[in-house]
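The structure under discussion appears below in the form of structure tokens.
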Amino acid sequence: MTTLADAPVSNTPKESFRLAMLLNDTRYRSLTFQFIALVAIIAFMAFVGGNLVRNLAEAGLNISYAFLGEPAGYDINQRPIEYDSQSSHGRAAVVGLLNTLIVAFLACMTATVIGVVAGVLRLSNNWLVSKVMSFYVEIFRNVPVLIWILIIFSIMINALPGPRDFRGDNPTASMSFFDTVAFTNRGVFGPAPQFTNSFGATADVPATSTGLDWLIVIAALMLSFFVARAIRAWATKTQEATGVRPATWHMLLATWVIPVGIVLTFLGLTWEIPALRGFNFQGGMQIRGSLIALWFALAIYTGAFIAENVRAGIMAVSKGQTEAAGALGLRPNLIMSLVVLPQALRVIIPPLISQYLNITKNSSLAIAVGYMDVTGTLGGITLLQTGRAIETILLLMLFYLTISLLISAVMNVFNNSMKLKER
Amino acid sequence: MKKSVFLGALTVAGIAAGAAAAGTLDDVKARGKLNCGVTTGVPGFAEPDANGVWQGFDVAVCRAVAAAVLSDPEAVEFVPTTGKTRFTALASGEIDMLARNTTWTFSRDVDLKFEFTGVNYYDGQGFMVPKELGVTSAKELDGATVCIQTGTTTELNLADFFRANNISYEPVPIETGAEAVQQYNAGACDVYTTDASALAAQRANFEDPSAHVILPEIVSKEPLGPLVRHGDNEWADIVRWTLNALVTAEELGVTSVNLAELGGGSDNPEVNRLLGTEGDLGAMLGLDKEWAKRAIGVAGNYGEVFEKNIGESTPIGLARGLNAQWTDGGLIYSPPFR
Numbered sequence: 001m002t003t004l005a006d007a008p009v010s011n012t013p014k015e016s017f018r019l020a021m022l023l024n025d026t027r028y029r030s031l032t033f034q035f036i037a038l039v040a041i042i043a044f045m046a047f048v049g050g051n052l053v054r055n056l057a058e059a060g061l062n063i064s065y066a067f068l069g070e071p072a073g074y075d076i077n078q079r080p081i082e083y084d085s086q087s088s089h090g091r092a093a094v095v096g097l098l099n100t101l102i103v104a105f106l107a108c109m110t111a112t113v114i115g116v117v118a119g120v121l122r123l124s125n126n127w128l129v130s131k132v133m134s135f136y137v138e139i140f141r142n143v144p145v146l147i148w149i150l151i152i153f154s155i156m157i158n159a160l161p162g163p164r165d166f167r168g169d170n171p172t173a174s175m176s177f178f179d180t181v182a183f184t185n186r187g188v189f190g191p192a193p194q195f196t197n198s199f200g201a202t203a204d205v206p207a208t209s210t211g212l213d214w215l216i217v218i219a220a221l222m223l224s225f226f227v228a229r230a231i232r233a234w235a236t237k238t239q240e241a242t243g244v245r246p247a248t249w250h251m252l253l254a255t256w257v258i259p260v261g262i263v264l265t266f267l268g269l270t271w272e273i274p275a276l277r278g279f280n281f282q283g284g285m286q287i288r289g290s291l292i293a294l295w296f297a298l299a300i301y302t303g304a305f306i307a308e309n310v311r312a313g314i315m316a317v318s319k320g321q322t323e324a325a326g327a328l329g330l331r332p333n334l335i336m337s338l339v340v341l342p343q344a345l346r347v348i349i350p351p352l353i354s355q356y357l358n359i360t361k362n363s364s365l366a367i368a369v370g371y372m373d374v375t376g377t378l379g380g381i382t383l384l385q386t387g388r389a390i391e392t393i394l395l396l397m398l399f400y401l402t403i404s405l406l407i408s409a410v411m412n413v414f415n416n417s418m419k420l421k422e423r
Numbered sequence: 001m002k003k004s005v006f007l008g009a010l011t012v013a014g015i016a017a018g019a020a021a022a023g024t025l026d027d028v029k030a031r032g033k034l035n036c037g038v039t040t041g042v043p044g045f046a047e048p049d050a051n052g053v054w055q056g057f058d059v060a061v062c063r064a065v066a067a068a069v070l071s072d073p074e075a076v077e078f079v080p081t082t083g084k085t086r087f088t089a090l091a092s093g094e095i096d097m098l099a100r101n102t103t104w105t106f107s108r109d110v111d112l113k114f115e116f117t118g119v120n121y122y123d124g125q126g127f128m129v130p131k132e133l134g135v136t137s138a139k140e141l142d143g144a145t146v147c148i149q150t151g152t153t154t155e156l157n158l159a160d161f162f163r164a165n166n167i168s169y170e171p172v173p174i175e176t177g178a179e180a181v182q183q184y185n186a187g188a189c190d191v192y193t194t195d196a197s198a199l200a201a202q203r204a205n206f207e208d209p210s211a212h213v214i215l216p217e218i219v220s221k222e223p224l225g226p227l228v229r230h231g232d233n234e235w236a237d238i239v240r241w242t243l244n245a246l247v248t249a250e251e252l253g254v255t256s257v258n259l260a261e262l263g264g265g266s267d268n269p270e271v272n273r274l275l276g277t278e279g280d281l282g283a284m285l286g287l288d289k290e291w292a293k294r295a296i297g298v299a300g301n302y303g304e305v306f307e308k309n310i311g312e313s314t315p316i317g318l319a320r321g322l323n324a325q326w327t328d329g330g331l332i333y334s335p336p337f338r
């Protein structure tokens with residue numbers, strides 16, 4: 001033990017640390033510069049922050065979030081949660097946030113579908129199809145999304161009939177789909193599901209909320225999902241054992257239809273058809289023109305970018321893969337879905353995350369068509385009515401940052417499950 | 001990276017607040033131009049004409065101030081602002097004064113740290129509907145879709161009015177008056193609501209103005225006037241007394257026609273004080289003797305400006321009503337020039 005400890009560890013003389021090494025020694029140099037940069041950034045932030053606080057104090061303003069609890073005083077047309085003009089500014093911000101999430105979710109889903117279809121079709125061997133798709137991509141991604149929002153909105157309000165055109169003995173417009181859906185320049189009015197035996201209702205009090213009923217419906221759909229998965233697993237097992245895949249479509253159909261059908265019958269599903277009363281269509285479900293314009297514009301605009309991502313992903317898969325799959329006797333659509341797309345996804349997903357983030361952030365253009373998203377409520381009316389510009393903008397940044405980071409996190413989990421598993 | 005975004009916002013806010021403290025009169029003189037915030041276009045109040053020259057009732061206030069301070073009514077840089085951007089533009093020092101149909105309210109005056117320098121138009125919020133709807137009162141508007149300019153007091157008055165009368169409506173928030181009119185004409189909303197004066201102004205530009213009615217209900221008080229930043233009292237005085245000079249000129253019968261003649265001296269001491277032939281009120285403001293004379297010289301007195309831009313002889317056709325001189329039973333009243 002002692003001999004080992006006393007033995008020289010190394011032949012090089014033990015260097016003592018000198019100050020000059022901070023600059024000359026590559027081991028320390030990068031640390032030195034990082035430290036200097038950090039100090040500079042902190043000093044700059046302190047200067048700017050101090051300047052802000054001093055100037056605000058001079059102007060007699062202070063940073064306070066007390067306004068969030070005060071009554072907002074304004075109304076919002078699209079309210080996913082209970083809200084009226086006496087609710088607080090904070091609640092108005094939440095309504096706006098939910099509206100942002102609604103349009104972002106709808107636009108992400110639609111853009112993905114449009115993008116995948118357009119991206120695959122652009123690689124089609126059919127000259128016409130591939131040219132039409134490149135036309136779509138080039139037109140839509142090269143015009144700013146704000147212009148698309150405005151174009152679609154003004155086409156909607158000018159081309160579609162107003163509610164008053166549906167009135168009278170000889171109306172100039174009529175409802176579509178067997179008189180259940182009205183396309184107007186204020187939006188689309190369609191039938192809304194209603195439950196006559198709602199769980200939210202008691203013997204003599206009608207239901208105030210159908211949330212519980214929907215939970216039951218969703219539970220039934222989940223049940224169907226798991227049963228359908230079991231059926232498919234059984235079919236695969238049988239195929240592996242016998243080489244013949246049993247026909248499962250009738251079982252799957254029954255699995256999806258029967259449980260939901262029973263639940264809906266039990267709840268007493270009826271459809272409330274919108275009817276023209278007073279100035280507008282009343283009852284039923286309304287999808288406002290502003291939501292449609294924003295949703296559609298974001299979807300086709302971003303869809304063009306996603307189409308290019310998809311095309312890049314597919315082209316990144318070696319042609320040998322396609323040929324090999326063809327040599328095994330797979331048909332072209334199976335080659336695409338079983339061989340090419342699963343490999344292409346690894347290339348497609350990372351840029352897809354950026355596109356989803358773009359949709360969410362671009363949805364802040366909503367005010368152009370009067371859609372009350374979080375920029376419209378918190379960053380618009382609340383800011384103007386309270387004059388708390390710095391507070392609301394900081395809060396707005398926090399909201400978008402949080403949403404974006406959450407989308408990134410979820411998509412990264414998805415990406416990890418899709419990426420090449422190295423064993 | 002997340003921090004740098006935060007930082008950028010703070011910098012902007014910091015710089016914005018920094019500009020607000022300096023002496024506005026000196027800035028304007030050094031610049032040689034008055035930066036005046038106006039609307040993005042309301043006929044009669046502020047709108048560029050066919051030659052791109054800004055004209056209108058609010059524009060006249062800007063030009064009068066420019067004439068008083070810089071001796072040149074054309075030395076104005078008009079900055080179009082929306083309902084949303086106007087206060088930031090003023091607070092940040094981007095504009096020296098705001099003459100943009102802005103309602104004088106407690107919170108804007110006190111909480112937002114602005115200084116209203118008077119009222120150049122007493123207005124109230126009204127409703128406009130197509131005649132074919134057959135509506136005669138705003139209380140019949142249950143369930144209607146209403147176009148509103150977002151970020152204005154009208155938004156709050158609207159909510160209060162419908163709530164107080166226990167009727168429902170669907171708000172359609174819109175950024176500018178022009179877009180609101182576009183949607184109203186396309187039938188995307190049944191009702192357009194804003195200040196009654198602006199309704200009349202917008203209606204004058206319609207293809208068929210007679211097909212639209214302005215409902216009798218006036219649901220709010222909207223005293224509109226120019227405003228400046230809090231804390232620069234000298235500058236606020238200049239804007240306030242320029243407006244008062246126009247009002248006093250009408251009261252005393254000083255018009256663009258007889259201005260030159262009266263400017264040579266008259267029997268009325270108040271006219272003399274106003275036009276600078278007696279005493280030196282201008283020096284107290286940090287201006288010369290003839291500041292008010294130049295302000296009146298741009299387009300005449302308050303009444304002349306009113307008649308030329310929004311009066312009954314114009315397509316907008318607004319009666320003086322509340323905006324008549326106090327001697328004629330109106331509310332237009334200037335403190336004495338003494």
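So the sequence lines, in the order shown, correspond to chains A and B.
Note that the working numbering numbers the first sequence so that position 151 is 151, with each residue one more than the last.
Note that the working numbering numbers the second sequence so that position 225 is 225, with each residue one more than the last.
For every residue, glycine included, the Cβ atom is placed at its ideal position computed from N, Cα and C.
Just so it is clear, the structure is predicted and the values come from calculations on it, not from any experiment.
Give me the chain B residues within the contact set of residue i, using Cβ-Cβ distance strictly less than 8 Å, ordered along the chain.
i	result
Gln282 of chain A	Gly143
Gly162 of chain A	Ala186, Gly187 and Ala188
Going by beta-carbon coordinates alone, are residue i and residue j separated by less than 8 Å?
i	j	result
Pro246 of chain A	Ala233 of chain A	no
Val350 of chain B	Asn185 of chain B	Shown here, chain B extends from 1 to 338; a query on residue 350 of chain B therefore has no answer.
Ala188 of chain B	Ile316 of chain B	no
Ile238 of chain B	Leu158 of chain B	no
Ala173 of chain A	Asp179 of chain A	no
Ala89 of chain B	Val79 of chain B	yes
Glu115 of chain B	Ala236 of chain B	yes
Give the straight-line distance between the Cα atoms of residue i and residue j, rounded to the nearest whole angstrom.
i	j	result
Lys237 of chain A	Thr270 of chain A	41 Å
Thr110 of chain A	Gly37 of chain B	42 Å
Leu331 of chain B	Asp123 of chain B	11 Å
Pro335 of chain B	Asn244 of chain B	7 Å
Ala92 of chain A	Thr377 of chain A	6 Å
Ser88 of chain A	Met372 of chain A	16 Å
Ala327 of chain A	Ala304 of chain A	33 Å
Ile148 of chain B	Val181 of chain A	27 Å
Ala220 of chain A	Ala228 of chain A	12 Å
Leu19 of chain A	Leu38 of chain A	20 Å
Val94 of chain A	Tyr74 of chain A	14 Å
Ile102 of chain A	Phe189 of chain A	18 Å
Ala16 of chain B	Asp58 of chain B	Note that Ala16 of chain B scores 45 on pLDDT, short of 50, meaning its location in the model is unreliable; the coordinates nonetheless yield the value given after this. When rounded, the distance between both Cα atoms is 25 Å.
Met411 of chain A	Ile349 of chain A	8 Å
Glu154 of chain B	Phe33 of chain A	The sequence shown places Thr at residue 154 of chain B, rather than the Glu named in the question. The straight-line gap from Cα to Cα measures roughly 56 Å.
Gln343 of chain A	Phe414 of chain A	14 Å
Ala340 of chain B	Gln194 of chain A	Absent from the model: residue 340 of chain B. The displayed extent of chain B is 1 to 338, so no value can be given.
Leu267 of chain A	Gly261 of chain A	10 Å
Ala21 of chain B	Asn272 of chain B	Unreliable placement is indicated for Ala21 of chain B, whose pLDDT of 47 sits below 50; no coordinate value is reported for it.
So residue i contacts chain A; which residues on that side make the cut at Cβ distance below 9 Å?
i	result
Gly151 of chain B	Gly380, Ile381, Leu383, Leu384 and Gln385
Phe87 of chain B	Leu384, Gly387 and Ala389
Pro171 of chain B	Tyr74, Asp75, Ile76, Asn77, Gly370 and Met372
Please list the partners that residue i has in chain B, where partner means a Cβ-to-Cβ separation under 7 Å.
i	result
Ile262 of chain A	Ordered by position in chain B, no residue passes the 7 Å Cβ test against Ile262 of chain A, which lies about 38 Å from the chain.
Ser85 of chain A	Ala159 and Arg163
Just to make sure I have the definition right: I need the residues of chain A whose C-beta is within less than 8 Å of the C-beta of residue i. Which are they?
i	result
Ile174 of chain B	Gly370
Under 7 Å Cβ-Cβ, which residues of chain A neighbour residue i?
i	result
Gln183 of chain B	Ile157
Self-check item: Three CB pairs or more closer than 8 Å across the stretch 379-398 of chain A and the stretch 308-316 of chain A
Solution: no
Quiz item: Quick check: the stretch 255-267 of chain A against the stretch 161-170 of chain A, are there 3 or more CB pairs under 8 Å?
Solution: no
Quiz item: Would you call the stretch 103-114 of chain B and the stretch 172-184 of chain B touching, i.e. three or more CB-CB distances under 8 Å?
Solution: no
Exercise. Assess, as a yes-or-no matter, whether the stretch 257-277 of chain B is touched by the stretch 214-226 of chain B under the definition of 3 or more beta carbon pairs within less than 8 Å.
Key: no
Exercise. Pick out the complete alpha helix (DSSP H) segments inside the stretch 388-420 of chain A, 4 residues or longer, and give them in chain order.
Key: 389-418
Practice problem: Would you mind listing the alpha helix (DSSP H) stretches within the stretch 272-306 of chain A that are 4+ residues and don't spill past its ends, in chain order? | Solution: none
Exercise. Entirely within the stretch 223-259 of chain B and at least 3 residues each: give me those beta strand (DSSP E) ranges in chain order.
Key: 227-229
Quiz item: Does the count of Cβ pairs from the stretch 191-205 of chain B and the stretch 26-46 of chain B closer than 8 Å reach three?
Solution: yes
Exercise. Can you check the stretch 60-147 of chain A for any alpha helix (DSSP H) of at least 4 residues that lies completely inside it and give the ranges in chain order?
Key: 89-122 and 127-141
Quiz prompt | Cβ contact check for the stretch 351-368 of chain A and the stretch 294-302 of chain A: 3 or more pairs under 8 Å | solution = yes
Quiz prompt | Sequence ranges, alpha helix (DSSP H) only - wholly within the stretch 158-222 of chain B, length at least 4 | solution = 177-185 and 196-204
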